[in-house]
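First up is the structure itself, then whatever we jot down about it.
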């Protein structure tokens, strides 16, 4: 039985050995490594696999074909790294060591759920659950020992009372239920008596203008254009404006033209395959409102995707607006994918990564410095308290030994041996009495003055202590506020330099939840990516959060992410609802006007995408 790490390593090794048609690798030939693509798998009688490969030259052109053995082929990079495989294994299984697949997943792919031969001596299936034989046997033995111990009288009755709740289990010879350690896989979570009252999950809105199967491409293209707007020299636009522009039938809509032109300029600047194709056709590097469709057609010829190449005739005739949303978003998706491979975008990503690392190092440095100062303050206070204790102890020791100060006198008195013991004792006693009386008189005379001085001194000390305490509290408050401000500043700076948008998490049914900072809504993607929806109100988000069960791994992680970003999400949604109310009010005002003074279509808030202007356009 393998651990998660060992299982991931084993799967990685098997994936590296198993080659498939279309895999791009490096092939060993004539003491050199050449890029190649697997065309066909050839089996020989010996049992060893051979592969027919196409050796690739510049621009991935096939130079020649060759037949190579498996050991002569090397992967450019592993198909999946260990992190991806680990997450895939966790999501696909409901139990670890031994690893058990989800029942639905096993049925879908036709995988047998029977126990392997080597595990049947240790485990067995009971009610759809895997049970350990040794643990069950131990529980049964424990129960039998408890029954066999013949205890009489009071002790036996006490034992019977203690074991009352599990009496039914002992009779049925069933093992005791071990307490479940949460979180566990969401599909295994069952309702319990201690569960809070979960609200019904709100159904997301699905009123999109584009077809449902285009929503993923729409979000991906818009998020890329918004994230790299400065690099693209493209003024940002809202997701609603972009969606409306895609559905509009105008062939030269400014928002669409500028988006295509910005992405094409990135490809031209890269001096790659697209730039060479334009040089062969002797195209100018400047893209205009009239010629932009020619550059789009050149790009479609270069990528040679059959679904998109069929649109070239419509585009060349000047009827780009008549294309359906699938075709428009397909072209933009391919442009974004090629733009991501350019040196300009990769350089920007590298800069963002370095900036994020520098910010992280600064945060860690400040935290270490603060911890060091705190340690020094504690050590200083400890040293001062130890010094005061030593002083007090020394004062007490000198006050309790008055003979230490009188040693000189005692040594002098030893000379006077002539004086008899009685006379000396009488002399000492009389001297002590006189000293005691004089001291009492002095105390009575000095008591009022000393008391007044002591009172004033103590009051002054208390006032000083209060002042220093208040100052310390003020300083601590100010330093805490500064630290909080610095944390917020670093958070904002890190978010500005975000590299990619990741989902907030998944729910019980593997539906993914996305939140885009520039839009505010929370989008819901089904597990098969065929259905999309969104939440656009704060009340819907509140209902979603209270419907999540933290006993499940996925829903707990999703709930934590929603709680983390909740202030910002609620703020964006409230702002969005206000803007929506203003738009509705303006639309109603437009409708209430008479036909003579009605505003033209471009002033209608719903048609804001028609007024788009690229303020960052290159000259």
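Residue numbers (this note's numbering): 2 to 620.
In this text, a Cβ means the ideal position worked out from N, Cα and C, and glycines have one as well.
Notebook entry, point to check: For residue 312, which of helix, strand or coil comes out of DSSP?
Noted result: coil
Notebook entry, point to check: When the Cα atoms are used, what is the spatial distance from residue 199 to residue 568?
Noted result: 22 angstroms
Notebook entry, point to check: Are there 16 or more other CB atoms within 10 angstroms of the CB of residue 508, so buried, or fewer, so exposed?
Noted result: buried
Notebook entry, point to check: So what does DSSP say about residue 70, is it helix, strand or coil?
Noted result: strand
Next item on the list: To the nearest angstrom, report how far apart residue 504 and residue 228 are at their CA atoms.
Entry: 16 angstroms
Checklist line | Outcome for residue 583 when other beta-carbon atoms lying within 10 angstroms are tallied against a minimum of 16 | finding: exposed
Checklist line | Bridge partner(s) assigned by DSSP for residue 516 | finding: 523
Check: Curious, which full-length alpha helix (DSSP H) runs of at least 4 residues does the region 333-367 contain?
Finding: none
Check: When you compare each of 494, 555, 581, 510 to residue 537 by their alpha carbons, which one comes out closest?
Finding: 581
Next item on the list: State buried or exposed for residue 270, treating a residue as buried only when at least 16 other CB atoms are found within 10 Å of its CB.
Entry: exposed
Check: Can you tell me where the alpha helix (DSSP H) with residue 267 in it begins and where it stops?
Finding: 255-270
Next item on the list: Check residue 557 in the structure and name its three-state DSSP category.
Entry: helix
Check: Using 8 angstroms as the threshold, is the region 256-275 in touch with the region 559-567, meaning 3 or more CB pairs across them?
Finding: no
Check: Between the C-alpha atoms of residue 474 and residue 560, what's the straight-line distance to the nearest angstrom?
Finding: 36 angstroms
Next item on the list: Go ahead and pull the three-state DSSP assignment for residue 38.
Entry: strand
Notebook entry, point to check: So, residue 33 versus residue 69, is the Cβ gap smaller than 8 angstroms?
Noted result: no
Next item on the list: Tell me whether residue 577 sits in a helix, a strand or coil according to DSSP, three-state version.
Entry: helix
Margin query: Tell me the DSSP secondary structure of residue 21 in three-state form.
Written below: coil
Check: How many Å lie between residue 335 and residue 310 at the Cα?
Finding: 12 angstroms
Check: If you count every other CB in all the chains shown that lies within 10 Å of the CB of residue 245, and 16 or more means buried, which is it?
Finding: buried
Check: Can you name the residues that DSSP bridges to residue 44?
Finding: 50
Next item on the list: Leaving out five residues on either side along the sequence, give the residues of the same chain with a beta carbon under 8 angstroms from the beta carbon of residue 378.
Entry: none
Item checked: Contacts around residue 99, its chain only, beta-carbon distance under 8 angstroms, and the 5 residues preceding and following it disregarded -> 2, 120, 124, 131
Notebook entry, point to check: When you compare only the Cα positions, how much space is there between residue 361 and residue 373?
Noted result: 18 angstroms
Next item on the list: Pick helix, strand or coil for residue 108, following the three-state DSSP scheme.
Entry: helix
Note to self: Quick check: the region 542-560 against the region 199-213, are at least 3 beta-carbon pairs closer than 8 angstroms?
What the structure shows: yes
Note to self: Using the three-state DSSP reduction, which class does residue 236 fall into: helix, strand or coil?
What the structure shows: coil
Checklist line | Unbroken beta strand (DSSP E) run spanning residue 534, endpoints | finding: 533-536
Next item on the list: Quick one: give me the first and last residue of the beta strand (DSSP E) that residue 91 is part of.
Entry: No beta strand (DSSP E) holds residue 91; the alpha helix (DSSP H) holding it covers 83-93.
Notebook entry, point to check: Ends of the alpha helix (DSSP H) at residue 277?
Noted result: 274-281
Check: Between residue 66 and residue 26, is the Cβ-Cβ spacing less than 8 angstroms?
Finding: no
Check: Which residues mark the beginning and the end of the alpha helix (DSSP H) in which residue 220 is found?
Finding: 216-228
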